[in-house]
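Undergrad:
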Amino acid sequence: MGPHIGDSIVSAVIGISVSVSLARIFATRFNYKINTNQELIAFGVTNVISSFFHGYPAAASLSRSAVAVSTGGRTQVASLFSCLLLILVLFFIGPLLFSVPIFCLSAIIIVAIKGMFMEAKDLVMFWRFSPWDSAVWIFTFLCTVLLSVNYGLLLGIIISVGVVILRIQWPKIHSFEQIQNTEIYRNSRDYTNFIKHDKIKIIRYEGNLFYFCAEHFRETIYLQTGINPFDINLKVDSCLNRIKQIENTLRSTSKSMDIEIDKSDDHSNEIKTIEETSDQLEASNENQQKSNLKKKSFKRKMFHYFMKKRKLLTLNEKSKLEMERIKQIEKLEIINHLLTFNYLILDCSCWTFIDIVGADELKQVIDSYEKLGIIVLLAQMKDYLIHTLQNNDKLGDLTKIYPTVHDAVNDAIIQLNTMKVKERNFLQLNEETLTS
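Under full-length UniProt numbering, think of the first position of the sequence shown as 1, with each following residue one higher.
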């Protein structure tokens with residue numbers, strides 16, 4: 001039994017898939033409904049009972065179903081007559097049909113399923129509606145023709161599941177603007193009369209936040225806003241660290257210069273004292289006195305020369321450091337000009353569920369923008385999602401949630417007009433971060 005478990009599972013999946021697909025096709029054609037669960041129970045009970053009598057697994061047949069429909073069959077009575085006719089053929093009529101060519105039977109089947117072949121014309125309509133669906137259709141058709149119905153259907157199911165995963169993993173994202181004289185916000189590419197709000201960016205992510213698309217959510221938000229907070233924060237931190245190093249070096253240099261000046265004064269006093277002492281002790285020898293005075297005078301001049309040169313070198317280094325500090329501040333100003341908005345509003349109306357990975361990704365996006373002085377506002381989020389995020393501390397203290405996008409925009413405009421949003425200063429932001 002063990003070697004046949006895999007084949008049994010494959011046969012069961014293919015059998016129920018073929019049967020349900022055929023049932024849906026004919027239900028659509030004759031305008032009635034089917035219950036998939038009822039079909040599963042019926043096939044399960046039939047196969048369990050027939051297994052006690054060494055019967056074959058039961059499943060729908062495309063060719064026999066098409067022939068039955070073409071001959072006018074509409075109910076289960078048609079299957080009963082078909083079974084009776086099959087018994088007659090097996091026991092009585094079979095020998096009489098032995099000489100009939102197989103291609104004659106094939107012609108009967110082809111004529112019966114002629115309508116299904118004509119459905120291939122719908123491929124153009126499928127392609128216009130969705131290239132993904134048409135690709136699944138073509139792949140399943142080719143696998144069925146080249147391999148078999150069973151393998152074609154199985155591979156079609158696998159490729160369908162793969163396409164669903166791909167479409168979920170890469171949902172669409174749009175930048176919205178307000179339509180003029182309304183409170184409606186839509187994609188600015190589709191409308192001409194819209195109001196553009198300066199310092200405010202509105203983004204709608206048309207997908208859910210879970211581990212499949214969490215990274216895609218972060219990357220598309222960064223791409224749509226034109227700002228990658230991770231890269232900008234690295235540049236800002238590099239500039240701030242360099243400015244801090246320069247300021248520390250300048251402080252230490254100024255202290256060392258004061259110490260050297262004091263030392264130079266002490267050395268000059270020591271030299272004078274030595275000169276006076278040497279003059280008193282060596283007054284008896286005039287020739288020796290003159291030579292010593294010349295040596296001391298030379299030493300004193302060389303000492304003052306080197307001290308002046310050292311001071312000049314220190315001043316040059318200080319000016320270079322000051323210039324580099326100014327360049328780093330200019331880099332911060334350039335980065336500041338690249339940040340063209342103060343508020344980022346995320347339209348959460350399309351979000352239906354969030355897992356722990358998506359919640360962490362959302363918090364990371366909010367924190368990265370707030371580090372740059374950009375406030376993130378959430379709008380039209382489902383109540384149960386709000387409770388989930390708040391109960392698990394996945395929203396920052398500054399993050400506000402609004403019932404509509406228009407409410408979020410109005411609040412952001414009020415904050416901008418009342419000057420409650422301060423001018424972005426990376427030096428001040430860095431000091432506040434360090435103190436907190």
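Note that the Cβ used here is the ideal one computed from N, Cα and C, for glycine as well.
1) Let me confirm a value: S19 is counted as buried when at least 16 other C-beta atoms fall within 10 Å, else exposed. Which label applies?
2) Could you tell me which residues DSSP pairs with I200 in its beta bridges?
3) Could you work out which residue in S11, S134, L209, S368 is closest to F382 when comparing CA atoms only?
4) Rounding to the nearest angstrom, what Cα-Cα distance links G15 and A59 in this structure?
5) Hey, quick one: how far does the beta strand (DSSP E) through A379 stretch, first residue to last?
6) Could you tell me which uninterrupted alpha helix (DSSP H) segments, each at least 4 residues in length, are contained entirely in the segment 199 to 236, listed from first to last along the chain?
7) Going along the chain, which residues of its own chain have a beta-carbon closer than 7 Å to the beta-carbon of I386, five neighbours each way excluded?
8) Is DSSP giving I158 helix, strand or coil here?
9) What residue range is occupied by the uninterrupted alpha helix (DSSP H) comprising E361?
10) Under DSSP, the alpha helix (DSSP H) around I413 begins and ends at which residues?
11) Among all the DSSP beta bridges, which residues are the ones paired with residue 525?
12) For E361, count neighbouring Cβ atoms within 10 angstroms of its own Cβ and tell me buried if that reaches 16, exposed if not.
13) Short of 8 Å in beta carbon distance, which residues of its chain neighbour E39, apart from the five on each side in sequence? Order them along the chain.
14) So, at 8 Å on beta carbons, what are the nonlocal neighbours of I203 in its own chain, with the 5 sequence-adjacent residues on each side left out?
15) Counting pairs of Cβ atoms below 8 Å between the segment 240 to 252 and the segment 318 to 333, do you hit three or more?
16) Would you give the residue range spanned by the alpha helix (DSSP H) that Y384 belongs to?
17) Run the CB neighbour count on L281, radius 10 Å, all protein chains shown included, and call it buried at 16 or more, exposed below.
18) Tell me which residue opens and which closes the beta strand (DSSP E) that I401 is part of.
19) Can you grab the Cα-Cα spacing for the pair V365 / L372, in whole Å?
20) Exposed or buried, which one is V405 when buried takes at least 16 other CB atoms within 10 Å?
21) Look at G156 and V136 and say whether their C-beta atoms are less than 8 Å apart.
22) Taking a contact to mean a Cβ-Cβ separation below 8 Å, would you say V164 touches I108 in this structure?
23) DSSP beta-bridge partners for K172?
24) Decide if K201 is buried, meaning its Cβ has at least 16 other Cβ atoms within 10 Å, or exposed.
25) What is the DSSP secondary structure of W351, reduced to helix, strand or coil?
26) Let me make sure I understand the geometry here. Which of S51, N35, R29 has the alpha-carbon closest to that of S8?
27) Check each candidate in T140, P171, F92, D198 and name the one with the smallest Cα separation from V409.
28) Just confirm the distance between the C-beta atoms of I374 and L339, as a whole number of angstroms; I'd bet it's less than 8 Å.
TA: Short version:
1) As a first step, residue 19 must be located in the sequence shown, where it is residue number 19. Its Cβ being crowded by 16 or more others within 10 Å, S19 is buried.
2) Indexing the sequence shown from 1 puts residue 200 at position 200. Per DSSP, Y343.
3) As a working mapping, residue 382 is identified with position 382 in the sequence shown. One point to set straight first is that residue 382 is Lys, not Phe, in the sequence displayed. The candidate whose alpha carbon is nearest that of K382 is L209.
4) Residue 15 sits at position 15 when you count from the first residue of the sequence shown. Residue 59 sits at position 59 when you count from the first residue of the sequence shown. Roughly 5 Å between the two C-alpha positions.
5) The residue labelled residue 379 in the question sits at position 379 within the sequence shown. It spans 375 to 379 - the beta strand (DSSP E) in which A379 sits, taken as one unbroken run.
6) 214 to 225
7) Here residue 386 refers to the residue found at position 386 of the sequence shown. Answer for I386: I401, listed in chain order.
8) Here residue 158 refers to the residue found at position 158 when the sequence shown is read from its first residue. Three-state DSSP puts I158 in a helix.
9) For the purposes of this step, residue 361 is taken as residue 361 along the sequence shown, with counting starting at 1. Start and end: 356 to 371.
10) Counting from 1 along the sequence shown, the entry for residue 413 is found at position 413. Element bounds for I413: 405 to 417.
11) Here the chain comprises residues numbered 1 to 436, so residue 525 is not present and cannot be evaluated.
12) Numbered from 1 along the sequence shown, position 361 holds the residue referred to as residue 361. With 16 or more other Cβ atoms within 10 Å, it is buried.
13) Indexing the sequence shown from 1 puts residue 39 at position 39. I16, S19, V20, A23, listed in sequence order.
14) Here the question's residue 203 lines up with position 203 in the sequence shown. I173, H174, S175, F176, I221, Q224, T225, L344, I345, L346, D347, listed in sequence order.
15) yes
16) Taking the first residue of the sequence shown as 1, we reach residue 384 at position 384. Unbroken alpha helix (DSSP H) run through Y384: 383 to 391.
17) Residue numbering aside, residue 281 sits at position 281 when the sequence shown is read from its first letter. In this prediction, L281 scores a pLDDT of 46, lower than 50, which makes its location untrustworthy; the coordinate-derived value is nonetheless stated afterwards. Exposed: under 16 other Cβ atoms inside 10 Å.
18) Here residue 401 refers to the residue found at position 401 of the sequence shown. Where I401 is concerned, the enclosing beta strand (DSSP E) stretches over 400 to 402.
19) On the sequence shown, position 365 is the one that residue 365 refers to. On the sequence shown, position 372 is the one that residue 372 refers to. Roughly 11 Å between the two C-alpha positions.
20) The residue given as residue 405 occupies position 405 in the sequence shown. So V405 ends up on the buried side.
21) Working through the sequence shown from its first residue, we reach residue 156 at position 156. Working through the sequence shown from its first residue, we reach residue 136 at position 136. For G156 and V136, yes; Cβs fall inside 8 Å.
22) Counting from 1 along the sequence shown, the entry for residue 164 is found at position 164. Counting from 1 along the sequence shown, the entry for residue 108 is found at position 108. Not in contact: V164 and I108 (Cβ atoms no closer than 8 Å).
23) For the purposes of this step, residue 172 is identified with residue 172 of the sequence shown, where counting begins at 1. In the DSSP assignment, the residues bridged to K172 are E206.
24) As a working note, residue 201 is residue 201 in the sequence shown. Result: buried.
25) As a working mapping, residue 351 is identified with position 351 in the sequence shown. It is coil, neither helix nor strand.
26) Numbered from 1 along the sequence shown, position 8 holds the residue referred to as residue 8. Out of S51, N35, R29, S51 has the C-alpha closest to the C-alpha of S8.
27) Within the sequence shown, residue 409 is the residue found at index 409, counting from 1. Checking every option, the nearest Cα to that of V409 belongs to D198.
28) Mapped onto the sequence shown, residue 374 falls at position 374. Mapped onto the sequence shown, residue 339 falls at position 339. Right, the Cβ-Cβ distance comes to about 7 Å (below 8 Å), so this counts as a contact.
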